[in-house]
Amino acid sequence: MRVFLILTGLIVLILSSCTPDDVDLSQKTWVDLTHPFNDETLHWPTAEPFQFDTVFAGQTDETFYYESHRIQTEEHVGTHLDAPIHFYEDRNRTHEIPLEQLIGPAVVIDVREQLMDNRDYRVKTEVIEDWESEYGEIPDGSILIFHTGFGQYWPDAQQYMGTTETGEEALAELSFPGIHHETAEWLVENRDIKAVGIDTASLDYGQSQEFKSHQIFAEQNIPGFENLANLEELPATGSQIVAMPMKIERGSGGPLRIAAMLPGS
Ligand SMILES: [Zn+2]
Numbered sequence: 001m002r003v004f005l006i007l008t009g010l011i012v013l014i015l016s017s018c019t020p021d022d023v024d025l026s027q028k029t030w031v032d033l034t035h036p037f038n039d040e041t042l043h044w045p046t047a048e049p050f051q052f053d054t055v056f057a058g059q060t061d062e063t064f065y066y067e068s069h070r071i072q073t074e075e076h077v078g079t080h081l082d083a084p085i086h087f088y089e090d091r092n093r094t095h096e097i098p099l100e101q102l103i104g105p106a107v108v109i110d111v112r113e114q115l116m117d118n119r120d121y122r123v124k125t126e127v128i129e130d131w132e133s134e135y136g137e138i139p140d141g142s143i144l145i146f147h148t149g150f151g152q153y154w155p156d157a158q159q160y161m162g163t164t165e166t167g168e169e170a171l172a173e174l175s176f177p178g179i180h181h182e183t184a185e186w187l188v189e190n191r192d193i194k195a196v197g198i199d200t201a202s203l204d205y206g207q208s209q210e211f212k213s214h215q216i217f218a219e220q221n222i223p224g225f226e227n228l229a230n231l232e233e234l235p236a237t238g239s240q241i242v243a244m245p246m247k248i249e250r251g252s253g254g255p256l257r258i259a260a261m262l263p264g265s
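For the sequence shown, our numbering begins at 1 and goes up steadily by one.
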């Protein structure tokens, strides 16, 4: 009898625990890491702003309601993907990045304290080492995300970009944190991340002239996610990222819808 009860208990346990194929992802808790695309969408000083125009909105002759819009955008505007080709010849274009590289476990490194009042802060290698001493080595296949806290300033251009000006002259005024190129170098040599993201306008800091971190990641075919939102809702480890850029054939990037599934949800 006892054996029968144990067996029955085991069967109930197995039946009640979901196998991965049974999981309904819509029942999980999701965080949208995407800023909306609208008139306030921030863009690089030399890029054109995102445009949204109404083609038609209203009642048709046939009695049904109809609405449609025309959008115009550059690839690197708002929350977006940097395909490796953006900064390295012969690397993956937007449509060539494997889906598996855009989906996966997140490692979130919070650098808000290290920033202090230095808007031009660059994430140093020591920050990664400190993070790893607390949480363990960054696992292979991670999507590495840097949380600077700058997402809170969106869409205030002065606070977020360091300038409200546009055009070539504004480039010298750009001021926001990014990833130090030595850190990028260390990461590609010592860790196996598949994508990298940040809540600023660029992987490199605003004052960068050469975009070295971009180049280092791009050479290794590692895509970037820029202008991320709501990073304060993510834990250091355990969430899963789903990043779905518009599949622009031959693109160097593209508008990105990105979300994170929280652990234990
Ligand atoms: Zn970009």
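Built from N, CA and C at the ideal position, the CB exists for glycine as well.
Quick caveat, the model's predicted, so the values are computed rather than measured.
Continuous alpha helix (DSSP H) stretch holding Arg112: start and end: Within the sequence shown, residue 112 is the residue found at index 112, counting from 1. Counting along the chain, the alpha helix (DSSP H) containing Arg112 begins and ends at Arg112 to Leu115.
Local conformation of Gly224 per DSSP, three classes: For the purposes of this step, residue 224 is taken as the residue at position 224 of the sequence shown. Strand at Gly224.
Whether Glu267 touches Ser252 by CB criterion (8 Å): Not covered by the structure: residue 267. The range shown for the chain is 1 to 265.
For Gly178, three-class secondary structure by DSSP: What you label residue 178 is simply residue 178 of the sequence shown in a count that begins at 1. It is a strand residue.
Backbone CA spacing between Thr73 and Lys247 [nearest angstrom]: As a working mapping, residue 73 is identified with position 73 in the sequence shown. As a working mapping, residue 247 is identified with position 247 in the sequence shown. Whole-angstrom Cα-Cα distance: 14 Å.
CB of Phe176 within 8 Å of CB of Gly206, strictly: Numbered from 1 along the sequence shown, position 176 holds the residue referred to as residue 176. Numbered from 1 along the sequence shown, position 206 holds the residue referred to as residue 206. Yes. Within cutoff.
Gly253 CB to nearest heavy atom of ligand 1 below 7 Å: The sequence position of residue 253 within the sequence shown is 253, counting from 1. Checking every heavy atom of ligand 1 against the Cβ of Gly253, one is found closer than 7 Å.
Distance, Pro45 Cα to Gln51 Cα: As a working note, residue 51 is residue 51 in the sequence shown. As a working note, residue 45 is residue 45 in the sequence shown. Computed Cα separation, rounded: 15 Å.
Contact belief for Leu234 with Val31 at Cβ below 8 Å, rounded distance in angstroms: In the sequence shown, the residue the question calls residue 234 occupies position 234. In the sequence shown, the residue the question calls residue 31 occupies position 31. Contact holds; Cβ gap of about 7 Å.
Close Cβ partners of Pro139 (< 6 Å) along its chain, the five nearest in sequence each way excluded: By one-based count along the sequence shown, residue 139 stands at place 139. Contacts found: none.
Euclidean distance between Cα positions of Asp199 and Leu231: Looking up residue 199 in the sequence shown gives position 199. Looking up residue 231 in the sequence shown gives position 231. Approximately 7 Å, taken between the alpha carbons.
Among Glu185, Leu25 and Thr79, the one whose alpha carbon lies nearest that of Thr34: What you label residue 34 is simply residue 34 of the sequence shown in a count that begins at 1. Residue Thr79 is the option with its Cα nearest to Thr34.
Runs of alpha helix (DSSP H) wholly within the segment 104 to 164 (minimum 4 residues, chain order): 112 to 115, 125 to 135 and 157 to 161
Beta-carbon proximity list for Thr60, same chain, < 7 Å, skipping 5 on both sides: Position 60 of the sequence shown, counting from 1, holds the residue named residue 60. Excluding sequence neighbours, Thr60 sits near Tyr66.
Cβ separation of Phe217 and Val188, assumed to be a contact under 8 Å, to the nearest whole Å: Here the question's residue 217 lines up with position 217 in the sequence shown. Here the question's residue 188 lines up with position 188 in the sequence shown. That belief holds up - the Cβ atoms of Phe217 and Val188 are roughly 7 Å apart, short of 8 Å.
Proximity test, His80 beta-carbon vs ligand 1 heavy atom, cut-off 7 Å: Looking up residue 80 in the sequence shown gives position 80. Result yes, Cβ under 7 Å from ligand 1.
Glu226 beta carbon near ligand 1 (any heavy atom closer than 7 Å): Taking the first residue of the sequence shown as 1, we reach residue 226 at position 226. Checking every heavy atom of ligand 1 against the Cβ of Glu226, one is found closer than 7 Å.
Which residues DSSP lists as bridging Arg70, in chain order: For this step, residue 70 is matched to residue 70 along the sequence shown. Beta-bridge pairing links Arg70 to Asp53.
Length of the line joining the Cα atoms of Asn118 and Asp90: By one-based count along the sequence shown, residue 118 stands at place 118. By one-based count along the sequence shown, residue 90 stands at place 90. Taking the straight line from one Cα to the other gives about 36 Å.
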